[in-house]
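Colleague: Please see the structure below; I have some questions.
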Amino acid sequence: MTHHHHPVIPIHGPHHGEDEPARRRFLKLMAASAALAGAGCSGPPAETIVPYVRMPEQDVPGLPLFYASAFVRRGFAHGVLVETNMGRPTKVEGNPEHPVSLGTTDVFTQASILQMWDPDRSQTVQRGTELSTWAAFEAAWEARRPHLARDGGAGLRILSGPATSPTLALQLAALQKRYPAMRWHAWDPLHDDGAAAASTLAFGRPLDPVYRLEHVAVLLTLDADLFGAEGSHGGALAHARAFTAPRRLGLDPAARRLYAIESTPTLTGAYADQRLARAPHEIEAALWRIAGLLGAAPGGGTAPDGAAGRWEAAVAKALREAKGRALVVAGPTLSPASRALAHLLNQRLGAEDGAVSYIEPVALGAPAHADGLAELAADMREGRVDSLLMLDTNPVYTAPPALDFATALRRVPLSAHLGLYRDETARESNWHLPLAHCYEAWSDARSHEGTASIVQPLIAPLYGGRSVHEVLALALGEVSRDGRALVRSTWRTGEDFEQAWRESLRRGLVPDSAAATVKVRTAPPMTQPALQAPPLVAVFAPDPAVDGGEFANNAWLQELPRPLTSLTWDNAALVGPGTAERAGLHDGEVLRLEVDGRSLTAPVLVLPEQAEGVVTLPLGYGRSGAGSVGNAVGFDAYRLRPQKAMRAPVAVRMARTDAGHVFALRQREVDMHGRDPVHVKELGRPVAARRKEEEGGKTSLYPERQYEEYKWGMAIDLNACIGCAACTVACQAENNIPVVGKDEVIRGRSMHWIRVDRYRQHGRSLFQPVPCMHCEHAPCEEVCPVGATVHDDEGLNVQVYNRCIGTRFCSNNCPYKVRRFNFLQYSNEKLESLKALQNPEVTVRKRGVMEKCSYCLQRITRARIDAEKQGRRIADGEVITACQAACPTSAIHFGDLNDPNSAVVAAKASRLDYVLLEELNTRPRTSYITRVINPDPELG
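Taking the numbering used here, the leading residue of the sequence shown gets -4, the next gets one more, and so forth.
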């Protein structure tokens, strides 16, 4: 690819004060906009890219085009369709043809578009603290090439982030051939180092399990979050969708039962029919006892009390009775021997007949990342490394503190860091090189089950970044560094290559590229390890919003309430109520934690769902090189995390301090106080008679309306909702919803149009997405003095922004509290890149204006125009709201209530359907499906 050196528009000009003349400010903004458009900052890539549905010659100005690609997170591909408006990527949807995403997304995929447009991304090559150029770096590398050639690359090291790219694998192999003494290491701070050790114990070699939960009737998870963190390689979407499928609309809740034992609350545990909170060593002991009851392990000991014994016996019985459709999954806090026992159990239970299969490892590199990084750090300290390329990784921030990676890095004569940001590692390197985002560069990657996707760029690199492939081509001294050509060469096979290439681009995946299942040996008997039981252990966990820290500068995710804590703009040390009581701790109090002689302070948050004797420390915060959004947010748990914590929890000491901390919690009250906004029913108990009356069945002063054409409505299935909040971020991306910051969240001024409420009932976490109800008898409409909130002829409660004068009467009169007011100018009107991000079909609101969910009116309008052109009605499923499209479990149904064959009408016909605050007679268009759980009858 030819690299054009585009002029860079300064992010912050020198005169942005309020006293700057309006005309001068206007002219400067116009000039900046023109420069951005003309300089290629928002131009298409130089090569031909292929749209998902329509050819480029069918492009109509003003209408979006969708391109199939992949969002690559921690090396694994998530199949996506990226919406572009006049060449600007503005929204990400799931690719319905991709076997993992099947048209859905998670919060990270939705927020990836903001990451691409982030003005804090690295914009220039830097040599130390000085600005430089790609040509200067290339010259520096060329100067070292003769030395590398003389000793076979003995001093050359490559450190990459996690990767699955076939093109990268070929390039690394070529580099190894050119420099035989070169070493390559992969580093992912969230890598599950114990998984490969467990499969090696069981099967004699590292293998990746692929779970098929559609074939599971009874599932036991042991500190394994299949719907969340454990599915971070992309499997979470498939796992959640498959497991919840028969439960949707309460059709067959008895088809599946989920047992979960976990040390810290997770999405999987929240959805479980039976859940226990236990410390990791107690979970491990319970696994061996259950295996003993199933005849898969000798003895196993006795349960600590009668309740635990009954629970374990019930689980063992359920697994035995579901033989052939039972599955056991053990998570990373368990020892390799115990996880190998889970593999053995699955073989004894017949899970390999469909519930689980095994494939060769999809990720490239050695399976133990911590050991590899320690080896590299030792070589650097001993002076055995003279050239180091770090590709999209940040070890100065994430490496175990004992390695002192920053000090070791200073001993390397030539160190170069390629990354999206000038992060902590970039600042300690000789060279920093800007990385092109995955939506700006050609590449390829595989999903967790091996399906390959071609990553095609949607836009030319905004800041002159280059891809990993282009930098490795430079390191190899190749004449051609065209990313597209490099990827094409990887997949060039057969005479019909061009047709296959275009088809792969159009569909977003390479057909028949999933990994082949391998036959495994019968797992040998396992020996129970000696279980350590310290009084208090630390579990280091990825954060639900910033993951391991790579999304720390993403404001959408920072402001997203964490599903199980409602926390925003922060992390916290999570402890159980008993642990807190013994230490005299309350929410917001700061404690001092110590592991292996290292200490840090962290505010505490007490969670009833947390296991006693366990402190959970979310990673990814306390950054100094994240950017203006993520710097100095929260505490850095990596400072406390030793290398051994990559495989097991570690003992920790805790002491109270006199300091305090204020959390920004979106929701503080989780008790339903007997009002039951979330209806819950246990399987086997009769369904209460529907109280909801037909329209017109209650006396009302509101006039009755008739809808001749369309009558839009929504049903949200609480049987399918797992509380992941993908709907919230999708709505934010679609509707140009601003962030407000921590202080405004504390004041209760969050702007999300759809929130996910969390309630606690009988030890169970319950989730409820709450958008605008679009009430037929809307209380907000009657109190607006200027008619800014009105009913349209299709039953939508619409907001007319130009009429709104900010009285907030409508919000005060809304019993559902779903209306959002712009108390300040929250939308950023200064940064050009953030303007380019915005959806052109949705108005950007100003200070003093009320806003709320519109049922994605812009999508309804687009579908109506298309239908009218063809002289037909809008078909069911033709309008898909942003929240509905993102939901990984199809929990949201939307459509025309005048269409008797629509999915939403079928959902609302269920006996489980109900509306919020029905007694108010507001007649919401949004209703809910009662949550039905399937508890074990043996456990009452």
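For glycine and all other residues, C-beta sits at the position ideal for the given N, C-alpha and C. Nothing here was measured: the structure is a model prediction, and the numbers come from that model.
Can you have a look at residue 660 and say buried or exposed, based on whether 16 or more other CB atoms are within 10 angstroms of its CB?
Modeller: Locating residue 660 in the sequence shown gives position 665, where the first residue counts as 1. Classification for residue 660: buried.
Colleague: What three-state label does DSSP hand residue 711 in the structure shown?
Modeller: Here the question's residue 711 lines up with position 716 in the sequence shown. In the structure shown, residue 711 sits in a strand (DSSP, three-state: E or B).
Colleague: Mind checking who residue 426 pairs with in its DSSP beta bridge?
Modeller: Taking the first residue of the sequence shown as position 1, residue 426 is located at position 431. Paired residues: 122 and 411.
Colleague: Please state whether DSSP places residue 65 in a helix, a strand or coil.
Modeller: The residue you call residue 65 lines up with position 70 of the sequence shown. Looking at residue 65 - three-state DSSP - the assignment turns out to be strand.
Colleague: DSSP on residue 352, reduced to helix/strand/coil?
Modeller: What you label residue 352 is simply residue 357 of the sequence shown in a count that begins at 1. Reduced to three states, the DSSP call for residue 352 is strand.
Colleague: Here's the rule I'm using: 16 or more other beta-carbon atoms within 10 Å means buried, otherwise exposed. How should residue 85 be labelled?
Modeller: Here residue 85 corresponds to residue number 90 of the sequence shown, with the count starting at 1. Residue 85 should be labelled buried.
Colleague: DSSP state of residue 166, grouped into three classes?
Modeller: Numbered from 1 along the sequence shown, position 171 holds the residue referred to as residue 166. Correct three-state label for residue 166: helix.
Colleague: Between which two residues does the alpha helix (DSSP H) carrying residue 375 extend?
Modeller: In the sequence shown, residue 375 corresponds to position 380, counting from 1. Unbroken alpha helix (DSSP H) run through residue 375: 364 to 376.
Colleague: List the whole-angstrom C-beta distance separating residue 874 from residue 858, where the pair is believed to meet the contact cut-off of C-beta under 8 Å.
Modeller: Locating residue 874 in the sequence shown gives position 879, counting from the first residue. Locating residue 858 in the sequence shown gives position 863, counting from the first residue. About 5 Å; that satisfies the 8 Å criterion.
Colleague: Can you give me the Cβ contacts of residue 582 inside the same chain, cut-off strictly under 6 Å, excluding the 5 residues immediately before and after it?
Modeller: The count along the sequence shown starts at 1 and reaches residue 582 at position 587. These residues qualify, in order along the chain: 600 and 601.
Colleague: If contacts are defined as beta-carbon pairs under 8 Å, then residue 721 and residue 261 qualify, I think. What distance do you get, rounded to the angstrom?
Modeller: Taking the first residue of the sequence shown as position 1, residue 721 is located at position 726. Taking the first residue of the sequence shown as position 1, residue 261 is located at position 266. At roughly 16 Å, the Cβ-Cβ gap does not stay under 8 Å, so residue 721 and residue 261 are not in contact.
Colleague: Leaving out the 5 sequence neighbours to the left and right, which residues in its chain are closer than 6 Å to residue 673 when beta-carbon positions are compared?
Modeller: Translated into the one-based positions of the sequence shown, residue 673 becomes position 678. Same-chain partners within the cutoff: 754, 761 and 763.
Colleague: Could you compute how far the alpha carbon of residue 146 sits from the alpha carbon of residue 83?
Modeller: Counting from 1 along the sequence shown, the entry for residue 146 is found at position 151. Counting from 1 along the sequence shown, the entry for residue 83 is found at position 88. For residue 146 and residue 83, the distance between alpha carbons rounds to 47 Å.
Colleague: Taking the beta carbon of residue 125 as the centre, do at least 16 other beta carbons fall within 10 Å, making it buried, or is it exposed?
Modeller: Position 130 of the sequence shown, counting from 1, holds the residue named residue 125. Answer is exposed; the Cβ neighbour count stays below 16.
Colleague: Where does the unbroken beta strand (DSSP E) through residue 891 begin, and where does it stop?
Modeller: One-based indexing of the sequence shown puts residue 891 at position 896. 887 to 891 is the span of the beta strand (DSSP E), which, as asked, contains residue 891.
Colleague: Can you look up residue 816 in the DSSP assignment and give me helix, strand or coil?
Modeller: If you number the sequence shown from 1, residue 816 lands on position 821. Of the three classes helix, strand and coil, the one that applies to residue 816 here is strand, per DSSP.
Colleague: From 338, 563 and 676, pick the residue whose C-alpha is nearest to that of residue 521; which is it?
Modeller: As a first step, residue 521 is located in the sequence shown; it is residue number 526 there, counting from the start. With distances taken between Cα atoms, residue 521 lies closest to 338.
Colleague: I'd like the list of long-range same chain contacts for residue 319, defined as Cβ closer than 7 Å, with 5 residues on each side in sequence excluded.
Modeller: Counting from one through the sequence shown, the residue named residue 319 turns up at place 324. Cβ neighbours of residue 319 beyond the five flanking positions: 345 and 348.
Colleague: Quick check on residue 623: buried or exposed, where buried means 16 or more other Cβ atoms within 10 Å of its Cβ?
Modeller: As a first step, residue 623 must be located in the sequence shown, where it is residue number 628. Exposed, because fewer than 16 other Cβ atoms sit within 10 Å of the Cβ of residue 623.
Colleague: For residue 766, count neighbouring C-beta atoms within 10 Å of its own C-beta (all shown protein chains included) and say buried if the count is 16 or more, exposed if not.
Modeller: For this step, residue 766 is matched to residue 771 along the sequence shown. Buried, since its Cβ has 16 or more Cβ neighbours within 10 Å.
Colleague: So does the stretch 306 to 320 actually touch the stretch 156 to 174, counting three or more Cβ pairs closer than 8 Å?
Modeller: Contact between the stretch 306 to 320 and the stretch 156 to 174 is absent, because fewer than three Cβ pairs lie under 8 Å.
Colleague: For residue 936, count neighbouring C-beta atoms within 10 Å of its own C-beta (all shown protein chains included) and say buried if the count is 16 or more, exposed if not.
Modeller: Residue 936 lies beyond the residue range present for the chain, which begins at -4 and ends at 935; the question has no answer from this structure.
Colleague: Determine, using beta carbons only, whether residue 758 and residue 598 come nearer to each other than 9 Å.
Modeller: Locating residue 758 in the sequence shown gives position 763, where the first residue counts as 1. Locating residue 598 in the sequence shown gives position 603, where the first residue counts as 1. Not in contact: residue 758 and residue 598 (Cβ atoms no closer than 9 Å).
Colleague: Would you mind listing the beta strand (DSSP E) stretches within the stretch 511 to 559 that are 3+ residues and don't spill past its ends, in chain order?
Modeller: Qualifying beta strand (DSSP E) stretches, in chain order: 532 to 536.
Colleague: Given a cut-off of 9 Å, decide if residue 791 and residue 923 are closer than it, judged by their beta-carbon atoms.
Modeller: By one-based count along the sequence shown, residue 923 stands at place 928. By one-based count along the sequence shown, residue 791 stands at place 796. No, they are not a contact pair.
Colleague: By Cβ distance below 8 Å, which residues in the same chain neighbour residue 908 in space, the five residues on each side in sequence not counted?
Modeller: For the purposes of this step, residue 908 is taken as the residue at position 913 of the sequence shown. If we look at residue 908 and ignore the five residues flanking it on each side, its Cβ neighbours are 685, 687, 710, 902, 922, 923, 924 and 925.
Colleague: Tell me which residue opens and which closes the beta strand (DSSP E) that residue 154 is part of.
Modeller: By one-based count along the sequence shown, residue 154 stands at place 159. From DSSP, the beta strand (DSSP E) with residue 154 extends over 151 to 155.
Colleague: Note the first and the last residue of the continuous beta strand (DSSP E) segment covering residue 71.
Modeller: Here the question's residue 71 lines up with position 76 in the sequence shown. Residues 71 to 80.
Colleague: With C-beta atoms as the reference, is residue 61 less than 9 Å away from residue 92?
Modeller: Locating residue 61 in the sequence shown gives position 66, where the first residue counts as 1. Locating residue 92 in the sequence shown gives position 97, where the first residue counts as 1. No, the Cβ-Cβ distance between residue 61 and residue 92 is not below 9 Å.
Colleague: Compare the Cα-Cα distances from residue 536 to each of 544, 391 and 775 and report the closest residue.
Modeller: If you number the sequence shown from 1, residue 536 lands on position 541. It is 544.
Colleague: Could you check if residue 325 is buried or exposed, using at least 16 other CB atoms within 10 Å of its CB as the buried criterion?
Modeller: As a first step, residue 325 must be located in the sequence shown, where it is residue number 330. So residue 325 ends up on the buried side.
Colleague: At a cut of 8 Å, does the stretch 500 to 509 reach the stretch 576 to 590 through at least three beta carbon pairs?
Modeller: Result no; under three Cβ-Cβ pairs closer than 8 Å.
Colleague: Taking DSSP as the reference, what is the three-state secondary structure of residue 729?
Modeller: The sequence position of residue 729 within the sequence shown is 734, counting from 1. In this structure, residue 729 counts as helix in the three-state DSSP scheme.
Colleague: Restricting to Cα atoms, I'd like to know which of 567, 589 and 588 is closest to residue 613.
Modeller: Indexing the sequence shown from 1 puts residue 613 at position 618. Residue 613 has its Cα closest to that of 567, out of 567, 589 and 588.
Colleague: If I'm right that residue 95 touches residue 442 with Cβ under 8 Å, what's the distance once you round it to whole angstroms?
Modeller: Reading the sequence shown from its first residue, position 100 is the one you call residue 95. Reading the sequence shown from its first residue, position 447 is the one you call residue 442. Right, the Cβ-Cβ distance comes to about 5 Å (below 8 Å), so this counts as a contact.
Colleague: In chain order, what residues of the same chain have a beta carbon less than 6 Å from the beta carbon of residue 933, not counting five sequence neighbours either side?
Modeller: Position 938 of the sequence shown, counted from the start, is the residue given in the question as residue 933. Excluding residues within five positions, the ones whose Cβ falls inside 6 Å are 309.
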